[in-house]
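Asker:
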Amino acid sequence: MPTTPAVRDTDQWVGLALTDADYALAEVRQMAGERPRVLRMATGPRPQSWSHWQALRRRHELGAVPVVLVLPVAAYRLLGADAPELPRADWPDAMRWRIKDAVDFPVEDAAIDVLAVPPADPSAPVRSAWVAAAPAATIKPLAEDCQTARVPLEAIDIVETALRNLCALDGDADRARALLWVGPQQAILVVTLRGELLLSRRIDITADLLAHDDAGLRQQAADRLALELQRTLDLCERQFSHANVAGLALLPGPAAQSLCDELGQVLYVPVSLMPLDERLDLSSVTGQALPELLARHLVALGAALRQTTEAPA
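Laid out in structure tokens, this is it:
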């Protein structure tokens, strides 16, 4: 389950984000010196068997372009830990046994990947890490169905790293950036530094609740979200004193503008909507580039923004 940047040499990815009921697909091409170009977006019911995956492959003509699959948030765990004093290639096996008592599934055959938390000095040793873990009972059937259906599956990823990729669109690599996604099941805040995941927090507030017809319920949800965001940003300042958070960006979604205005009045960092139409080339989806459409494909877009890098030492 490689959540780290890809080693494969490609400038084009298909991101395919799963929920319990459906999927969202986005294909993005990244060329040097240009904005990432969104080639297409699509949604449909989640495949439940290899034959359904085969139908999906044929419908979307998945062939030469590698696919990165994103698990639903309930399908994996993301845990903080001290980084092992071992070569990076040995981290997953070392972490497997460290997290044994923190997960409710067997770690022996679980899918494990480890993300380095960026230190203050890029040349300094990594002291902390994030461990992404998913049970074999989740990963194995997905991988087998995709293989049988000849889906060109290159990696299985998590929501937080897809959001990390979106957060990196804001640039300013020397300062930490925060990004908030309010999804159908919960909200997720990520803080990144130099394009890597510094901090992540899940908050039990949904997009539907923030757009509820009852003004009282909307306000309660917004107030609780603001409080949780403030606490998390305070924690980030204490835990990572080198990470001066430059601002918080909100991704498109129901009532995003009103939420942005409200959070801007109570948080101590600048709050803004992420202008995806400026960060991404949406010319191939002209006429579709509505905030509502983008909101449904955010995780898939983030997955398709996967970067190519050299394998870690």
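Residue numbers for the sequence shown follow the numbering used here, so the first one is 27 and each next one is one higher. Even for Gly, the Cβ is constructed at its ideal location relative to N, Cα and C.
1) Check for me: the alpha helix (DSSP H) holding Ser284 runs from which residue to which?
2) To the nearest angstrom, how far is the alpha carbon of Asp37 from that of Leu331?
3) Indicate the three-state DSSP secondary structure (helix, strand or coil) for Arg190 in the structure shown.
4) Can you find at least 3 beta carbon pairs, one from the stretch 142 to 154 and one from the stretch 233 to 241, that sit closer than 8 angstroms?
5) Touch check for the stretch 124 to 135 and the stretch 73 to 80: three-plus C-beta pairs under 8 angstroms?
6) Kindly give me the distance between the Cβ atoms of Arg203 and Ala275, rounded to whole angstroms, as I take these residues to be in contact under 8 angstroms.
7) Under a three-way DSSP split, which group does Ser298 fall into?
8) Identify the continuous alpha helix (DSSP H) that holds Gly242 and give its terminal residues.
9) Quick one: what's Pro71 bridged to in DSSP?
10) Please state whether the Cβ-Cβ distance between Ala107 and Val157 is less than 7 angstroms.
11) Give me whichever residues DSSP pairs with Ser226 in a beta bridge.
12) According to DSSP, is Asp200 part of a helix, a strand, or is it coil?
13) Quick check on the burial criterion: 16 or more other C-beta atoms within 10 angstroms. Buried or exposed for Leu285?
14) Between the C-alpha atoms of Ala329 and His238, what's the straight-line distance to the nearest angstrom?
15) Where does Gln38 fall in DSSP's three states?
16) What residue ranges within the stretch 62 to 113 form continuous beta strand (DSSP E) runs of no fewer than 3 residues, ordered along the chain?
17) Bridge partners for Thr307 per DSSP, in chain order?
18) Determine the direct distance from the alpha carbon of Gly197 to that of Ala52, and round the result to whole angstroms.
19) Measure from the alpha carbon of Val271 to the alpha carbon of each residue in Ala90, Ala162, Leu205, then state which is nearest.
20) Keeping to the same chain, check which residues put their C-beta closer than 6 angstroms to that of Ala142; ignore five residues upstream and five downstream.
21) How long is the line joining the alpha carbons of Arg72 and Asp130, rounded to whole angstroms?
22) To the nearest angstrom, report how far apart Val208 and Pro92 are at their CA atoms.
Answerer: Let me spell this out:
1) Mapped onto the sequence shown, residue 284 falls at position 258. From DSSP, the alpha helix (DSSP H) with Ser284 extends over 282 to 292.
2) Along the sequence shown, one-based indexing puts residue 37 at 11. Along the sequence shown, one-based indexing puts residue 331 at 305. Cα to Cα, Asp37 sits roughly 9 angstroms from Leu331.
3) The count along the sequence shown starts at 1 and reaches residue 190 at position 164. The answer is helix: DSSP assigns Arg190 an H, G or I state.
4) With the rule of 3 Cβ pairs closer than 8 angstroms, the stretch 142 to 154 does not count as touching the stretch 233 to 241.
5) No contact exists between the stretch 124 to 135 and the stretch 73 to 80.
6) Reading the sequence shown from its first residue, position 177 is the one you call residue 203. Reading the sequence shown from its first residue, position 249 is the one you call residue 275. About 7 angstroms; that satisfies the 8 angstroms criterion.
7) The residue you call residue 298 lines up with position 272 of the sequence shown. DSSP, read as helix, strand or coil, puts Ser298 in strand.
8) By 1-based counting over the sequence shown, the position of residue 242 is 216. For Gly242, the enclosing alpha helix (DSSP H) starts and ends at 241 to 265.
9) What you label residue 71 is simply residue 45 of the sequence shown in a count that begins at 1. Paired residue(s): Asp48.
10) Sequence index remark: in the sequence shown, residue 107 carries index 81 (1-based). Sequence index remark: in the sequence shown, residue 157 carries index 131 (1-based). Judged by their CB atoms, Ala107 and Val157 are nearer to each other than the 7 angstroms cut-off.
11) Counted from its first residue, the sequence shown places residue 226 at position 200. Ser226 is bridged by DSSP to Val216.
12) Counting from 1 along the sequence shown, the entry for residue 200 is found at position 174. Note: Asp200 maps to coil in three-state DSSP.
13) Numbered from 1 along the sequence shown, position 259 holds the residue referred to as residue 285. Burial is judged here by how many other beta carbons sit within 10 angstroms of a residue's own beta carbon; Leu285 has at least 16 and is buried.
14) Working through the sequence shown from its first residue, we reach residue 329 at position 303. Working through the sequence shown from its first residue, we reach residue 238 at position 212. Their backbone Cα atoms lie some 29 angstroms apart in a straight line.
15) Taking the first residue of the sequence shown as position 1, residue 38 is located at position 12. Reduced to three states, the DSSP call for Gln38 is strand.
16) Look at the stretch 62 to 113 and you find these whole runs of beta strand (DSSP E), each 3 residues long or longer: 63 to 71, 93 to 96, 103 to 108.
17) One-based indexing of the sequence shown puts residue 307 at position 281. The amino acid occupying residue 307 in the given sequence is Asp; Thr does not appear at that position. Residue pairing for Asp307: DSSP places it in a beta bridge opposite Arg63.
18) Residue 52 sits at position 26 when you count from the first residue of the sequence shown. Residue 197 sits at position 171 when you count from the first residue of the sequence shown. Between the alpha carbons of Ala52 and Gly197 lies a distance of about 22 angstroms.
19) Within the sequence shown, the letter at position 245 stands for residue 271. Comparing Cα-Cα distances from Val271 to each of Ala90, Ala162, Leu205, the minimum goes to Leu205.
20) Indexing the sequence shown from 1 puts residue 142 at position 116. Taking Ala142 as the centre and dropping the five residues before and after it, the same chain places the C-beta of Val152, Ala155 closer than 6 angstroms to its C-beta, in chain order.
21) On the sequence shown, position 46 is the one that residue 72 refers to. On the sequence shown, position 104 is the one that residue 130 refers to. Straight through space, the alpha carbons of Asp130 and Arg72 are spaced by roughly 25 angstroms.
22) To locate residue 208, count along the sequence shown from 1; it is residue 182. To locate residue 92, count along the sequence shown from 1; it is residue 66. A straight-line Cα-Cα distance of about 28 angstroms links Val208 and Pro92.
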